[in-house]
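Below is one structure, written out as structure tokens; the observations come after it.
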Amino acid sequence: MASTAEVTAAERAIGELRRCVSALRDRYGEVTAVGRLVNDVERLALDLADVAALPPHRERRDEDVVEIPSAAYDERMWRGGDDEGVGGPRT
Numbered sequence: 024m025a026s027t028a029e030v031t032a033a034e035r036a037i038g039e040l041r042r043c044v045s046a047l048r049d050r051y052g053e054v055t056a057v058g059r060l061v062n063d064v065e066r067l068a069l070d071l072a073d074v075a076a077l078p079p080h081r082e083r084r085d086e087d088v089v090e091i092p093s094a095a096y097d098e099r100m101w102r103g104g105d106d107e108g109v110g111g112p113r114t
């Protein structure tokens, strides 16, 4: 499991949240709303573990970016093509 400053900070925050939710359970008992909070905290912990196990994100490079011109395309390029989802070719 990879450990980064962000993952470590999130683990600490989840731990604090878990302590707070536990105090709420002690105060209000096993009511539905508190049970959902308990489940939510556990889900956060599971999701964070999944994120921590991911490989490092590859930084985007300039060659990954494809420029799309904002100028109108030449109408001849579309001759003979269907307008998909709009009822087929124009007549």
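All residue numbers for the sequence shown refer to this note's numbering, where the first residue is 24 and numbers rise by one.
All residues carry an ideal CB built from backbone N, CA and C; glycine is no exception.
Keep in mind the model is a prediction, meaning the values are calculated, not measured.
* Tell me whether leucine 60 is buried or exposed, calling it buried when 16 or more other Cβ atoms sit within 10 Å of its Cβ. => Its Cβ being crowded by 16 or more others within 10 Å, leucine 60 is buried.
* Asked: Mind checking whether valine 30 and leucine 67 have CB atoms under 9 Å apart?
  -> Here valine 30 is not near leucine 67, since their CB atoms are 9 Å or more apart.
* To do: Go to serine 45, then tell me how far its alpha helix (DSSP H) extends in each direction, as first and last residue.
  => 28-51
* Just confirm the distance between the C-beta atoms of leucine 47 and valine 57, as a whole number of angstroms; I'd bet it's less than 8 Å. => 5 Å
* Local conformation of glycine 58 per DSSP, three classes -> helix
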